[in-house]
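Report on the following structure.
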Amino acid sequence: MENSKYPKFTFTWIGGVVLLGGLFIGTMFVSFFSTFWKVVFGENLSLKEWYLAAANAAGFLTAIAFFDFFIVRPTTKKKLNFNFSPTNFYTYLLIFPMMTGMMFIAEFITSQIPTTGPFFGEYYEFFNRLMEQLTEDPLVMIITAVIMAPVFEEIIFRGIIQKGLINKGVKPWKAILFSSLIFGLVHGNPWQLVGAVLLGCVLGLVYYKTKSLLLPMLLHAFNNLCSSLLITYTKNESFADAFKISEWMILTIGIMLFSLFCYLFIKKYKVHYSEI
């Protein structure tokens, strides 16, 4: 591993500060540029459908660049680099049904969180308005949710945080759980928290077993594509409503799918790639 082209960096609280700093600076740059454009040309870019996508992309790119230049290169003398190797077809037959089962389980748990009341009601209305803004243009929604988010988020949460913790000596299951909890918390609302944490655990497991960041990116894109299609055609993110079955049936199917394919993936799967 000493001659590996992949840098063996570690993730600490300093790395977390660097990521947050990069995210803040990248986002603020887009905000300042928008203000400059409004003053000079009289056009408010923040009202454009693509503005939030651009702001997110700038924030993520700057955060990754900051971590590379201020953490990875000074400590490893190498640039940030990841394994994006594909894998054999058998692997995909295991991980996509496992992901589907997780999505069904997450939906059931999420459906138990209140959407009315003095706190949850107002918060849910605000969340819905934000989602309507993000999904107003289907093309922008697909680009943001299905392409940009899986790439940037997997690099940061699995490629940097999870991998950096494991390199530091943290037990893999703790690193997967910790990165998944952070991934859930940054979504900023309880209705996406559960799904994001469970999603992160599955993505973290797949990344740890295969060593390839491509696979969690594809699974993340699949999850977000399903959500986008449900929002577009059913106006919500409910498989139960789309299939006209109860949430309990969704839970049952989810447990069966996840249990079977997770078992096959963990017990029967052999790692085909390593970072060399």
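In this note's numbering, the protein residues as written are 164 to 439. Glycine is no exception: its CB is placed at the ideal position from the N, C-alpha and C atoms. Since we're looking at a predicted model, the values are computed, not measured.
So for residue i, helix, strand or coil by DSSP?
i, result
"Tyr169", "coil"
"Gln355", "helix"
"Gly367", "helix"
"His383", "helix"
"Gly264", "helix"
"Thr278", "coil"
"Pro335", "helix"
"Ser375", "coil"
"Lys430", "helix"
"Ser401", "coil"
"Val349", "coil"
"Thr254", "helix"
What residue range does the alpha helix (DSSP H) around residue i cover?
i, result
"Ala308", "Ala308 -> no alpha helix (DSSP H), and no H or E assigned at all."
"Glu410", "Glu410 to Tyr426"
"Gly322", "Taken as a continuous stretch (DSSP letters only), Gly322 belongs to no alpha helix (DSSP H), as it is neither H nor E."
"Asp300", "Element bounds for Asp300: n/a, residue is neither H nor E."
Within the stretch 167–247, note down every full alpha helix (DSSP H) run reaching 4 residues or more, in order along the chain. As far as the stretch 167–247 is concerned, its whole alpha helix (DSSP H) runs of at least 4 residues are 176–204, 214–230 and 236–239.
Under 8 Å: do the stretch 179–196 and the stretch 269–286 share three or more Cβ pairs, one atom per stretch? No: fewer than three Cβ pairs fall under 8 Å.
Meets three-Cβ-pair contact criterion under 8 Å: the stretch 341–359 and the stretch 272–291: Here the stretch 341–359 lies against the stretch 272–291, with 3 or more beta-carbon pairs under 8 Å apart.
Could you tell me whether the stretch 245–261 touches the stretch 203–215, where touching means 3 or more Cβ pairs closer than 8 Å? No: the two stretches stay apart, fewer than three of their Cβ pairs being nearer than 8 Å.
If you pair each beta-carbon of the stretch 330–341 with each one of the stretch 256–267, do three or more pairs fall below 8 Å? Short answer: they don't touch.
Determine contact between the stretch 317–325 and the stretch 364–374, defined as no fewer than three beta-carbon pairs at a distance below 8 Å. Touching, yes, given that three or more Cβ pairs across the two stretches are closer than 8 Å.
With contact counted as at least three CB pairs below 8 Å, one residue from each stretch, are the stretch 411–418 and the stretch 336–346 in contact? Touching, no.
The stretch 216–228 / the stretch 390–398 touching (three or more Cβ pairs under 8 Å): Because the criterion of three Cβ pairs below 8 Å is not met, the stretch 216–228 and the stretch 390–398 do not touch.
Taking contact to mean at least 3 C-beta pairs separated by less than 8 Å, is the stretch 396–411 in contact with the stretch 232–246? In short, these stretches do not touch, since the Cβ pair count stays below three.
Inter-stretch contact at 8 Å, needing at least 3 Cβ pairs: the stretch 223–232 / the stretch 299–319: Contact between the stretch 223–232 and the stretch 299–319 is present: three or more C-beta pairs spanning the two stretches fall below 8 Å.
Below 8 Å, how does it come out for the stretch 305–317 and the stretch 169–178: are there three or more Cβ pairs, yes or no? As far as the Cβ criterion goes, the stretch 305–317 does not touch the stretch 169–178, which means the pair count is below three.
Can you confirm whether the stretch 284–292 touches the stretch 335–344 when touching is taken to mean that 3 or more C-beta pairs between the two stretches lie within less than 8 Å? Contact fails between the stretch 335–344 and the stretch 284–292, because fewer than three Cβ pairs, one in each stretch, are under 8 Å apart.
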